[in-house]
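Working notes, beginning with the structure itself.
Numbering (my numbering), first residue to last: 7 to 128.
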């Protein structure tokens, strides 16, 4: 009974359109940033290294390299501060969590590409 009640409350806050992306994919996350009275959109692009949770609690972690430092950010899928998530490139991953990428640098971080509908080949 409690579960049905929680689903009814949470269903109002869930986003209707979520793009399909998996662990290993490279994504652009458009985040809303509040600066005083103004809001702007900032793009955080990187590789999805993990997904966890269901419903309102669903989160995904994106990792990117800035200079020689690795930066990770955890995003809630249904957050109102996330404008959109655009998959850029699909990566072939054989694990659910890609935490081993934290130890790698350079070309070792790059995953081989899987061919799907949202890859751009020219």
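Every residue gets a Cβ at the ideal spot worked out from N, C-alpha and C, and that includes glycine. In this text the structure is predicted, and so the values were computed from the model without any measurement.
- By alpha-carbon distance to residue 93, the top candidate from 52, 116 and 81 is 52.
- Our two residues, residue 110 and residue 15, have alpha carbons roughly 42 Å apart in a direct line.
- Where residue 82 is concerned, the enclosing beta strand (DSSP E) starts and stops at 75 to 82.
- DSSP places residue 38 in the strand class (E or B) of the three-state scheme.
- With a contact defined as Cβ atoms closer than 8 Å, residue 104 and residue 29 qualify at about 6 Å.
- 89 is the residue among 65, 89 and 23 whose C-alpha sits nearest the C-alpha of residue 48.
- Secondary structure of residue 105 (DSSP, three-state): helix.
- The alpha carbon of residue 26 has as its nearest neighbour, out of 10, 78 and 57, the alpha carbon of 57.
- Rounded to the nearest whole angstrom, the C-alpha separation of residue 70 and residue 76 is 6 Å.
- The C-beta distance from residue 66 to residue 50 rounds to 12 Å, too long to meet the 8 Å contact threshold.
- Under the three-state reduction of DSSP, residue 97 is assigned to strand.
- Taking a C-beta distance under 8 Å as the contact criterion, residue 72 and residue 54 do not qualify as a contact pair.
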